[in-house]
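Each remark here refers to the structure printed beneath this line.
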Amino acid sequence: MSANNAEYFQGAESYPDMVFSANAAVVKGNRAYLANFSHPERKGERYFFEQWFSKNGYECVGDRDIAFEGAGDALWGGAGNRTLFTGVGPRTDVRALKDLTEKLNDGSSWKALGCRLVDPRFYHIDTAFCPLNEELAIYYPYAFDHLSAHNMHNETELLPVSDKEARNFACNAVVIGKNVVMHHGNDEIAGKLERLGFSVKFVDMSEFIKSGGSAKCCTLAI
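Using this note's numbering, read the sequence shown as starting at 81 and increasing by one per residue.
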C-alpha cells in the first residue's frame, strides 16, 4: 500500500458500519468489485459505496446474488501481488471466486485463491491473514482448514500469530512499505516483525474492536 494519497468515504446516516471501509469493495485497476453484504443491516451501504467509486472514475462490477464482503475477504499478495487471497465461509460465498475472476479480468495473469475460514471468531480473512509484501504474510493457522493453509503456503511465506494475539486483531493490520500499523498489545508478533526489518506502530483501536474490526477494517487500498 502507498501512503502518497488518502481519500475518505463520507458516512451515511443509519449505516455506522461504513467506518469499516475495507468491506466496500476489492479494487483492481479501475474496477471496483462491490460488496454484497450478508447481513441486512449493511446491505444499504452498497448504494453509497457505488456512488463514491463511480464519481471517482471506477467501473463498478459485482453480483447482488452472491455474498461477498469486499477487501475484508479479498487481499492481494504473493509473487507480483497476483494472488487474491479470498476468504470463504462466514461472510463470502464460494461462488464469488469465479465471479471475481471473470469480472476483474483485465488480461493480466492472476488468480483468486479460496481460503476457507473455519473458526467463527475469524469471520473475514483480514482478521486472520495479512500480507506484508510479495513474499511474506502473517496469519493465524487455525482460522483456516488444512487444505486452505497448505495452498496459502504455496503462494507466500507465512509467519504464524499466537491465538492470544490473533484474538487481539494482530492480523488486522495496515501495511505501508515497511511500516505496520496494528492494535496495541501484540508485542510478540511485533517483535518478530521488527527483527525482520519492519517498523510496528501501535494504535488504540479498542472502540472499533467493540464492533468487530481494527486498523485494517477501517482502510481500503485503491
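Backbone N, C-alpha and C define an ideal beta-carbon position, used for all residues, glycine too.
**Report entry** His119 versus Leu164 - alpha carbon distance
**Finding:** To locate residue 119, count along the sequence shown from 1; it is residue 39. To locate residue 164, count along the sequence shown from 1; it is residue 84. One C-alpha to the other measures close to 23 Å.
Query raised in the report: Could you give the distance in angstroms between the alpha-carbon of Tyr138 and the alpha-carbon of Val261?
Result: Translated into positions along the sequence shown, residue 138 becomes position 58. Translated into positions along the sequence shown, residue 261 becomes position 181. CA-to-CA, the gap between Tyr138 and Val261 works out to about 28 Å.
Report task. Using DSSP bridges, identify the partner residues of Ile256. Result -> Translated into the one-based positions of the sequence shown, residue 256 becomes position 176. Asn259.
**Report entry** Sequence-distant residues of the same chain with beta carbon closer than 6 Å to Ser82, five excluded per side
**Finding:** Here residue 82 refers to the residue found at position 2 when the sequence shown is read from its first residue. Note on Ser82: pLDDT 49, under 50, position unreliable in the model; the coordinate value appears next. Answer for Ser82: no residue qualifies.
Query raised in the report: Relative to the alpha-carbon of Asn259, which residue among Lys272, Asp243, Gly277 and Gly265 has its alpha-carbon at the smallest distance?
Result: Start at 1 with the first residue of the sequence shown, and residue 259 comes out as number 179. Among Lys272, Asp243, Gly277 and Gly265, the Cα nearest to that of Asn259 belongs to Gly277.
Query raised in the report: Exposed or buried, what is Pro96 when buried is set at 16 or more other beta-carbons lying within 10 Å of its beta-carbon?
Result: Your numbering for residue 96 matches position 16 in the sequence shown. Exposed, since its Cβ has fewer than 16 Cβ neighbours within 10 Å.
Requested in this report: Could you check which residue in Phe249, Gly257, Ile256 and Val168 has the C-alpha nearest to that of Asn266?
Outcome: Along the sequence shown, read from residue 1 onward, the residue named residue 266 stands at position 186. Relative to Asn266, the option among Phe249, Gly257, Ile256 and Val168 whose CA is nearest is Phe249.
Requested in this report: Would you mind reading off the limits of the alpha helix (DSSP H) that contains Gly271?
Outcome: Position 191 of the sequence shown, counting from 1, holds the residue named residue 271. Element bounds for Gly271: Asp267 to Arg275.
Query raised in the report: Under a three-way DSSP split, which group does Gly297 fall into?
Result: As a first step, residue 297 must be located in the sequence shown, where it is residue number 217. Checking the sequence shown, residue 297 turns out to be Cys, not Gly. Helix.
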